[in-house]
Structure formats: structure tokens, C-alpha cells
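As they're listed, the protein sequences go chains A and B.
Numbering-wise (this note's numbering), the first sequence opens with residue 24 and increments by one.
Numbering-wise (this note's numbering), the second sequence opens with residue 129 and increments by one.
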Amino acid sequence: MQVFGPNELVADVFQKDLCVGCGACTELCPYLRNHRGKTGMLFSCTRAQGRCYAYCPKVEVDLDGLFALMFNAPYEGKPIGIHRKVLTAKAGLRMTAGKFQAGGVVSALVTYALKTGLIDAAVLTDRKGLIPVPHLVTNPEDVTKFASTKYMAAPTVAMVNKGQQQGYKRMGIVGTPCQLTAVAKIRANPLQKEEFADPIGLAIGLFCTWSLDTRRLLAFMADKLDVGRIHKMDIPPPPAEIMVVETDQGRVVFPLSQIRALVPNSCSICPDLSAELADLSVGVLEGRPDLNTLIIRTPKGEDLARNAERDGFLITAEMPTENFEHLCFAAGNKKTRAFEQLRERDLVNTDGGKRAALRVNASTLKRIGVE
Amino acid sequence: MTVLLTGKKGEQHLLMGNEAIVRGALEAGVNLAAGYPGTPSSEIIENLGLVAKDRNLYVEWAVNEKVAAEVAAAGSFAGLRTLATMKMNGVHVASDFLLHLALSGVRGGMVLVACDDPNAHSSQHEGDMRYFAPMLEIPLLEPGDFQDAKDLLKWAYELSEQLRSVIFFRSTTRLSHASGQVVLDELPANDRRAEFRFDGFILDDMTGIVMSLPINFKHPQLQQKIKQAADLFEECPFNTYTGPPNPEILVISSSASSLYSIEAIHLLGLEGKVGLLKLATTWPLPRKLIQTHLAQARQVLVVEEVLPFLEENIKALAYELAGDIGAKPIFGKRDGALPTYGELNPDLVAGALSKITGAPLPQRPDSYQQRISEMIFFGAPARDITFCPGCPHRASLWSIENVLQMDRRKGFVCGDVGCYTMALHPMNFGSLKTAHSMGSGTGLASGFGKLGRFGMDQPVLSVCGDSTFFHAALPALVNAVHNQSNMTMVVLDNSGTAMTGFQPHPSIEKNAMGEIAEAIDIAKVCAAIGAEVALCDPFDVERTQEALFQLIEKKGPKVLILKQMCALSPEKKGFRKYEVRVDPKACLGEDCGCNRLCTRIYRCPGLVWDKPNKVARIDEIVCAGCGVCASICPAGAIHKVLSENDKGREAA
Chain A
24 MQVFGPNELV
34 ADVFQKDLCV
44 GCGACTELCP
54 YLRNHRGKTG
64 MLFSCTRAQG
74 RCYAYCPKVE
84 VDLDGLFALM
94 FNAPYEGKPI
104 GIHRKVLTAK
114 AGLRMTAGKF
124 QAGGVVSALV
134 TYALKTGLID
144 AAVLTDRKGL
154 IPVPHLVTNP
164 EDVTKFASTK
174 YMAAPTVAMV
184 NKGQQQGYKR
194 MGIVGTPCQL
204 TAVAKIRANP
214 LQKEEFADPI
224 GLAIGLFCTW
234 SLDTRRLLAF
244 MADKLDVGRI
254 HKMDIPPPPA
264 EIMVVETDQG
274 RVVFPLSQIR
284 ALVPNSCSIC
294 PDLSAELADL
304 SVGVLEGRPD
314 LNTLIIRTPK
324 GEDLARNAER
334 DGFLITAEMP
344 TENFEHLCFA
354 AGNKKTRAFE
364 QLRERDLVNT
374 DGGKRAALRV
384 NASTLKRIGV
394 E
Chain B
129 MTVLLTGKKG
139 EQHLLMGNEA
149 IVRGALEAGV
159 NLAAGYPGTP
169 SSEIIENLGL
179 VAKDRNLYVE
189 WAVNEKVAAE
199 VAAAGSFAGL
209 RTLATMKMNG
219 VHVASDFLLH
229 LALSGVRGGM
239 VLVACDDPNA
249 HSSQHEGDMR
259 YFAPMLEIPL
269 LEPGDFQDAK
279 DLLKWAYELS
289 EQLRSVIFFR
299 STTRLSHASG
309 QVVLDELPAN
319 DRRAEFRFDG
329 FILDDMTGIV
339 MSLPINFKHP
349 QLQQKIKQAA
359 DLFEECPFNT
369 YTGPPNPEIL
379 VISSSASSLY
389 SIEAIHLLGL
399 EGKVGLLKLA
409 TTWPLPRKLI
419 QTHLAQARQV
429 LVVEEVLPFL
439 EENIKALAYE
449 LAGDIGAKPI
459 FGKRDGALPT
469 YGELNPDLVA
479 GALSKITGAP
489 LPQRPDSYQQ
499 RISEMIFFGA
509 PARDITFCPG
519 CPHRASLWSI
529 ENVLQMDRRK
539 GFVCGDVGCY
549 TMALHPMNFG
559 SLKTAHSMGS
569 GTGLASGFGK
579 LGRFGMDQPV
589 LSVCGDSTFF
599 HAALPALVNA
609 VHNQSNMTMV
619 VLDNSGTAMT
629 GFQPHPSIEK
639 NAMGEIAEAI
649 DIAKVCAAIG
659 AEVALCDPFD
669 VERTQEALFQ
679 LIEKKGPKVL
689 ILKQMCALSP
699 EKKGFRKYEV
709 RVDPKACLGE
719 DCGCNRLCTR
729 IYRCPGLVWD
739 KPNKVARIDE
749 IVCAGCGVCA
759 SICPAGAIHK
769 VLSENDKGRE
779 AA
């Protein structure tokens, strides 16, 4: 992986409007900060190499390198990535019924990982009004407070950086594909310094087709409802085509066509729907609002799911073929669209010293049909 | 006790130009003086304040120059001799009143001392105030040296009472702030009583109503006064000529430029060919005097600073006189012999004379030139214009810049006049995006804050100092509140008119004479107007940024007062609140995570980069102990502990 510095980050990410605000470049130094969902450079930094660039999921992402690190395998561009099992799942009986979205699998897995000491802290995402804010949780009982999807691009990875400074060595993180790409880059310790060694104990991925830009969503909703009173947001599975916002003054429904206009530009170059760089990935299951889809990717993820099920935190079942195929179809579509975008914008496998957003082996690129 | 008070008749003293002006006012028996601080004029009121008690004077730092002129005029209307002082910007501020004062006339002698700053050493422009004289129709005097500064001022009072007109008295930086030998005269008894009479015939100068109306009476009367002034100027003893009876070149000059002219004539050895007419009465010009000298000379060079004011007036006169004296070539600025901007110096004047006469300029020896080049190249370290160590403005602007950069809506700050104007410079965070006159930052912000309907969604801020707040920012804030402009005014309150030397202003509990004065609370004023007000110590960086974030998110007019005394204020200087040190082991230096934030970006002069060891350290001689760097260090490597002297002070 090639590592550049903050000036290149500004040129490649901010100036090209590719920042998704994941927070990976923040909480590392005083120069890059995320405020109200938007990341920016406060003052100039002259370093030729920096963790800001090295951790960013939108520049010089060497997918083969990251797949080798996580799975000891090359990146083959399969729709839902490398997986050992794909199951349906829901929280087990040991989980107190809370305000889960869908099956509560993420809350169950994080609670269990914290209880058993697999992780020493969990990096989760909270919301203040409409602003997503990362949280570091060490008490398993607190996990469910942060349940429910936020839908906004959140600076969650910032908390990984902060947690590392605070001395946590095996943090668990729940993140979207872009956030987990950043986390995988962090785990690779690109500056090869002892103090920046892999601080992650568990990565749980969330399915994501796109997220929403916090500032744009704020501006959009500001004159339609009191954003301070939102307590839940939901995008029901197709064919609903709506976003439902629950406030303590009642329910407000927006057509998805209006909401899609608030998607950050950088989502269009993301080839990952199922958070491939995770130990386990979790998403909704179409037609079953009480269940989740659970993709088990690594031996560690497999052990966790098995033990959680054994100890009553998780219940799993076979995945219906139809659902599996539909998931692969959707994930494959996102991948193809993203690679087309990447090629169109000359952001993949560039040569001649030109920096790329993404690099993958040539045969995979060919298989996806981009080259 | 000051020599300005104790100096006896006939004694010779080395006085600064502004001190000579003060002594001149005292010798004229001045009773009342009011001014607004502004370099290079500030020492006049300061010195008068020191002798106020002994000379039974009333001396005032007014809220702004217009009010200073009004306070001085009130004294004059009641029969006293009065003085108003200001820098050239102030004449613009006061000009509305002065336009009317010229027409209404004065009673007791009133002189307005205005100090120009050619080259803008301590200003944001180098405006030439002389043009106000013909525009407002007020006679203009200019002292040519330090003795003149005293004696001409005294003469100005006689003139003012003869004409019943306010008199402009113009100084410049090199006259106000340089020093020269001055022979003193005696101080008169000071026993004028004040009474304002208004019971006579309505149009009577001394007993009627003091007003600029009716124009068809007052304007011709004023122009009659100007004619009378021109006649009196024919005999003014401060217009002097030195040189041959029929000079090849006549240099006409005034103010500090006449000193440069004397030196330049001497430098070129042209004493036998070039004569110098030093004019003290530069508007209206004494026609006959000019005619006599023009007639005797073959060519003329007008030497003056900044714009060709004198040159244009002399050319107009020469045109009218051409029938009698013939056409004379007149050189100056319009032909490019001298520049129309910046200060003059003897070299520039010598260059102009050399060009006209062909006299060779004395050459510098090569060895001298060589030495200069070496010293510039090797010897002179580059220095940025920057805030002092411990300056609260650095902390305030640091917070403002951090907040605006984090906010990322392209927010900006409308600047104003004060030390904080240095924040225009990228080395001082470059937060200010406009800079004009006093108070105009808030006026501009009031305007910018109404552009939302045209699609502008950038946060709008203004900054102003505590003295500037009262001077001219207050009406702008009233405007912003009344019109519900979306802006945030940040008052950088450093407890005094710091940039000009800590003169008191309306929120300080003392006046120009050192007496107790009523202090006006800025926060209460803003709240009473109807603005949302927050108050923070800028050294508390975290709270300041939090408060600013909250304010810029809200609509409407808001005020954030950042109150912390100037590091150089007499009350604070020498006291270090904290002893500060850098832990070299914790300092990240140039590593990822810091990259010298403190010495490269924050740039307090109290922090130095230890190059061999690649760590920051504190310059203990320079550090003022504010402790702000400890809160900006990302590695927590800068430690502060309450210093011994501060503990002692707190205990006391």
C-alpha cells in the first residue's frame, strides 16, 4: 500500500468530494476534525506521510492487501465477499428484549463479545439529534442503548483512533463497509510503528447500499420537523420506497426519491454492500422484519457466533436460497456500478504515478467486466 | 514632574514633536482638550492629562473623534481655549461636525491637531488630511520643525480668535514622534471662566445661537474669514525663506518635508542655487508671498508628503499670476519627480533636485554597499508581524479559526482596527477577510448577515476591540439587532485601548486625568440592545470554542465577549500566571499526530523549536505564562503550574 500525506488527502478526497466522513483520519492529530458529520482540514500539515491518508477508505485502498490480511486470500470480487456461512439470525433469549432494529443480532454479538472478554471495548454509533456520534462502550449492559440504524455517514472510526490512544488493545467495532475498509487499513499498521499496532479484536459489518450526508439531511429536515425530537429512523425493505422518521410529535414519512438526493457522492464508488472486511456481517432479511441476515467470514467470527448461540445470545437458522440469491444479486449490482464509476473517474488501478482510490488484481477487474 | 509644566521661559529642552505641541497649547493658555487615541497623535492628550490638575485643565479621552471635536467645541462656545486631537482617520470621523463647525464658527480659540501617518507606519491607510481644509473651508497650519510645533500652535489660538474659526494644525509621524530642541516661553495665568451666551442677536458670533444656518449668511461669512486668513498669512512669521535672492530653483515645502529639503540641498551642495520657502500656512495660500518668491525663481520644486496638495494649489496660483511673473516650470509629484505615496526622505528629495539641476548625487563607497548587502543577506533574520507572547488575541483568533474551519461552511470574519488586524496575515491564522475603518467590521457583518435571501449561507463574524466597540461598532450592532442580521460580533476585550498605549475608554474606571470614571459594561449594553450575549475567557480555549459553535449555529445577532487583559498592560506586565514547560519525551515534534502544531501553526513567540533535538521548548525569557499552549498541545506534552508570583498575588 502506498502511503501519502495530508496534502494528497486534501487533493484526492476533499477536493474530489469523495469524503464520506467515516472519521478514520480524525482524532489522530489537531489538523483533521469532524464536526457535525463533516470532516475537514483545519490548518496545513506538511508531512509527506500520514495516518490520515493511510487510513482513508477512499484513497489507495489495496483490496488484495487487505483481503490477504483478513482472509489470507486475494480479492476476487465476489458479490458478498469471502464467507464461511450465510444464515438467518436473531438475538437469543439471554438478550433482554430492547429496541432492536430487525433481529437484534448486532447487539447480541457485541454484548456477548464484551461479556466474554473477546473485546475490551466496543465502538458503536449514537445519535444526538440528527448528528451521529461515535461512542466507546465497555459495559455490556449499555450496548442496546446504541442499537438501531443511523442511516447517516458517521465518524465512527474516529473512536477507534481515540480508543487506541486510551490504551484499548482489542476493540470491537460495528461499522458500514467504508468504515470497515478504514478499520482494515488501520489494522495493517501502514506506518509500521509499534504504538499504532492493530487495536481491533472484532469487526462486525453492517450491510449498506448508501448512507446519507449528515449536513444535507439536517438541511433537508430542518424546516420539516424538529430534529431534536427524532427517536427512530427506518427505511422499510422494498417495495415501500419510503423513509419513516419517528419523532415524539408523531411520524413523518419521506419518499426515498427525495432522500436519495442526500447520498454522499463517494457512495457511488463503493463496491461493497455487505461489509466484506469484517469477521461477521449483519443486515436485514427481506420479508422478515424480525430476523437478520448473518454472514460469517472468519474463524473468529465463526467461533463467536457458535459460542453466542451455545450460551443463549443468538439463534440462527439456514438461509433460504431465494434470499441468498437476492442478496448476491443486489451486492453484485452495487459492485458493478461502483467499478464502472471508478473506471469512468479514473480512480481504479491508475498508473504512471497517478494515485488511485482503489487497487485490485487485474484478473478480478477483468472478471467484474471493467477491464 | 514633567518639564512641560516646570520648564521656564528661555530654557531649551529636547522635546518630542507632540510634547512641543502640548507646551504650545499650555503657553497659549488652553483650558480644555479632548481627543481619541491614534498613532501618531496619542501623546498629546496623555501629556495634557498629566498636567491637568496643576494647570486646571479639563482633559478627556472621548469615545470617538467626532465627540472629541464636539467636546472641544463646547468649551470654545463657552469662551475657553480648547484643543481637539486625533490621527487623520479621526478627521474623517469628525468631518460631519467640522463641516458645520466651520460655518457656525467658534468663540474661544479652538485648534484641531490632526496627525497624518505617511507610509501608514501605524495605520491602515496614509490618507492626506490636508484636503479637508479647502473642502470644509478651515484654515490649515503646518509646523516645519519642533520649535514651530510649539510656537505655531500658540499663534494658531490668536488666529482662531481673530477669525472666530476652528484652525486645522497638521503634524506627521516624523514630526510628532521625533524630538528636537525647543526654547520655551512662559506659561500664562489660566483664569478663563466658562459661560455659554445665547441671549444676544440670533446671528451674533459671540452672543447668538451657534449654528451653521442660515447658509446664505453663514457661507459668505465663512468665505470672508478665509480671505481674511489669507491676508493674515502674508505676514505669518512662520513662513520663512532661506537661500539666494534669485534662486535657480525655489523649493516650496512644509512640515517634516522642509527638514528633508534642507538636508537634500546641503547634500548636493546647492545652497548657492536653491532657495527654500518653508510654508506654515498651507491653506489658504498667501498670494503675495508666493508671488514674490515665484517671481524671483527660475524653476520650482514642491516637496510634500503623499498627495500633491500644495503643488496643485501653487500651480493654480501660478496660473493666475502668469501674466505678471511669466510661466514657471513647477516640479513635484505630477511630473513624477517625487512619489505620490509613502514618506519622503532626504535621498528622495535629493534625487528630485539632482534630476532637475543635473547636480550629481553623492555616491556610496562600494565597500559600504557591499557591507549592506552582506548584512541583509546573512545578518537579518526574517521576522513576521505577529501577536506578542501571552496575547489574548492569539488565543481568541485561534479559537475562531478552529471553529470556522471545523464548521466548514466557509465562515469568515470581518476585521476591524486594532492589534487583531494582524490576523489578516496567514501566519496569524488569516481569519480576517475584510479590513476597513473602525467599527466597519461589524457594519459589514450586519450587511453580510442579511444576504441569506440571496443564497448566502456562510457564517458571518466580526471582531472589534473594547475601545472600538464604543467608538463606532456600537451603532453597527444596533443596526444588526434592529434588522435581525445573522451575524456574530466578537468583542476582543483586552481592557484598554491597547494598541495606542492603554488609554482608558468608556468601560475603564478612570479617565484621561487619572480620575475615577463611570465604567460601562459592554455585555450589559449588548444585552440591553437585544443581542444574545456570551462571555468567555479566551485563554479557556475549550469553552470559547464551545460558546462560538453554539452562537454561529443560531440565527439573529449574537455577541461573544472574549475578555482577557492585554499581555503588555501595565497591570499585567511582568506577572506570569503559569510556569510553562515542555516534556521533551512526550513532545511529538514533527511526527504524525502533531507536526509542530505549537511552533508552526500556533506560533506564540514564547515557544521555540529546538532543531537539534526535534522538540518544542519554552523560551523562558519571552513566555508570558498564559498557559494556552498547554491546552492546544495534542500530546499533552506542555505542562503548566501556577507560578509563585501569581500564587502570591492571589493570596494578597
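Backbone N, C-alpha and C define an ideal beta-carbon position, used for all residues, glycine too.
All figures in this text were calculated on a predicted structure; none of them were measured in a lab.
Listing by chain order, which chain A residues have their CB less than 9 angstroms from the CB of residue i?
i: Leu405/B; result: In chain order: nothing, as chain A lies at least about 57 angstroms away.
i: Asp535/B; result: His58, Arg59, Lys61 and Gly63
i: Ile528/B; result: What Ile528/B touches in chain A: nothing, since even the nearest Cβ is about 12 angstroms away.
At 7 angstroms on the CB atoms, spell out the chain B contacts of residue i, in chain order.
i: Arg70/A; result: Cys720 and Asn723
i: Leu214/A; result: Cys720
i: Phe66/A; result: Ile729
What residue from the options has the CA that sits closest to residue i's CA?
i: Glu399/B; options: Asp594/B, Ile377/B, Lys742/B and Thr134/B; result: Ile377/B
i: Lys700/B; options: Cys720/B, Gly753/B, Cys715/B and Ile458/B; result: Gly753/B
i: Glu269/A; options: Leu116/A, Pro262/A, Asp257/A and Ser280/A; result: Asp257/A
i: Leu86/A; options: Asn372/A, Thr179/A, Lys138/A and Leu137/A; result: Asn372/A
i: Val158/B; options: Pro474/B, Pro762/B and Leu315/B; result: Leu315/B
i: Leu65/A; options: Arg292/B, Arg536/B and Lys713/B; result: Arg536/B
i: Ser204/B; options: Glu637/B, Arg320/B, Pro490/B and Ala423/B; result: Arg320/B
i: Leu360/B; options: Ser288/B, Ala425/B, Arg325/B and Leu303/B; result: Ser288/B
i: Val687/B; options: Phe297/B, Phe597/B and Ile390/B; result: Phe597/B
i: Ile105/A; options: Asn356/A, Ala263/A, Ala340/A and Asp302/A; result: Asp302/A
i: Val43/A; options: Val286/A, Gly273/A and Lys138/A; result: Val286/A
i: Glu325/A; options: Gly88/A, Lys108/A and Cys68/A; result: Lys108/A
i: Glu178/A; options: Pro155/A, Gly190/A, Pro163/A and Thr172/A; result: According to the sequence as given, residue 178/A is Pro; it is not Glu. The shortest C-alpha separation from Pro178/A is found at Pro155/A.
i: Leu387/B; options: Asp276/B, Arg462/B, Pro490/B and Lys346/B; result: Asp276/B
i: Gly222/B; options: Ala197/B, Cys243/B and Gly236/B; result: Reading the sequence as shown, one finds Ala at residue 222/B and not Gly. If we check each option's Cα against that of Ala222/B, Ala197/B comes out closest.
i: Ser697/B; options: Ala358/B, Gly629/B and Val743/B; result: Gly629/B
On the premise that residue j lies in contact with residue i, defined as a C-beta separation below 8 angstroms, what is that separation, rounded to the nearest angstrom?
i: Leu185/B; j: Leu160/B; result: 7 angstroms
i: Thr616/B; j: Leu679/B; result: 5 angstroms
i: Cys726/B; j: Ile760/B; result: 7 angstroms
i: Val307/A; j: Pro260/A; result: 6 angstroms
i: Ile142/A; j: Gly224/A; result: 4 angstroms
i: Thr409/B; j: Leu226/B; result: So it is not a contact: roughly 19 angstroms between Cβ atoms.
i: Ser130/A; j: Val166/A; result: 5 angstroms
i: Ala358/B; j: Leu405/B; result: The pair is not a contact, with the Cβ atoms about 16 angstroms apart (cut-off 8 angstroms).
Looking at the ligand NAD, does it come within less than 7 angstroms of residue i, judged from the CB to the closest heavy atom?
i: Ala487/B; result: This structure does not include the ligand NAD; it has no bound ligands of any sort.
Might you give, ordered along the chain, the residues of its own chain that have their beta carbon closer than 7 angstroms to the beta carbon of residue i, omitting 5 neighbours on each side?
i: Ile172/B; result: Asn146, Ile149, Val150, Gly163, Thr213 and Val241
i: Pro262/B; result: Trp411
i: Leu417/B; result: Glu362 and Asn367
i: Tyr78/A; result: Ala47, Cys48, Ala205, Lys208 and Ile209
i: Ala780/B; result: Bear in mind that the predicted position of Ala780/B carries a pLDDT of just 46, short of 50, making it too unreliable to give a figure here.
Which residues in the same chain as residue i place their Cβ atom closer than 6 angstroms to its Cβ, once the five residues preceding and following it in sequence are excluded?
i: Ala34/A; result: none
i: Val588/B; result: Ala573, Phe576, Gly577 and Met615
By the criterion of Cβ-Cβ separation under 9 angstroms, what are the contact partners of residue i in chain B?
i: Arg74/A; result: Cys720 and Gly721
Find the residues of chain A that neighbour residue i, judging by a C-beta separation of less than 7 angstroms, and give them in chain order.
i: Pro712/B; result: Within chain A, no residue comes near Pro712/B; the closest Cβ sits about 17 angstroms away, beyond 7 angstroms.
Using a Cβ-Cβ cut-off of 8 angstroms (strictly less than) and excluding sequence neighbours within five positions of residue i, which residues of its own chain qualify?
i: Pro343/A; result: Thr111
Residues of chain A with CB closer than 8 angstroms to the CB of residue i, please, in chain order.
i: Pro762/B; result: Cys52 and Pro53
Original post:
Are there three or more Cβ pairs, one per stretch, closer than 8 angstroms when the stretch 160–174 of chain B is compared with the stretch 203–211 of chain B?
Top reply: yes
Original post:
So does the stretch 346–354 of chain B actually touch the stretch 188–200 of chain B, counting three or more Cβ pairs closer than 8 angstroms?
Top reply: no
**OP:** Say whether the stretch 294–304 of chain A touches the stretch 214–234 of chain A, bearing in mind that this needs 3 or more beta-carbon pairs closer than 8 angstroms, one atom from each stretch.
**Re:** yes
**OP:** Report yes or no: do the stretch 211–224 of chain A and the stretch 239–249 of chain A share at least 3 C-beta pairs separated by less than 8 angstroms?
**Re:** no
**OP:** Inspect the CB distances between the stretch 664–675 of chain B and the stretch 574–594 of chain B and report whether three or more fall short of 8 angstroms.
**Re:** no
**OP:** Count the C-beta pairs between the stretch 378–386 of chain B and the stretch 428–443 of chain B that are closer than 8 angstroms, then say yes if the count reaches three, no if not.
**Re:** yes
Original post:
Between the stretch 763–774 of chain B and the stretch 704–711 of chain B, are three or more C-beta pairs nearer than 8 angstroms?
Top reply: yes
**OP:** Evaluate the contact criterion for the stretch 229–244 of chain B versus the stretch 292–304 of chain B: three or more CB pairs, one atom per stretch, below 8 angstroms.
**Re:** yes
**OP:** Taking 8 angstroms as the threshold, find out whether the stretch 184–198 of chain A comes into contact with the stretch 53–73 of chain A through three or more Cβ pairs.
**Re:** no
Original post:
Is it a yes or a no for the stretch 519–530 of chain B touching the stretch 484–501 of chain B, going by three-plus beta-carbon pairs under 8 angstroms?
Top reply: no
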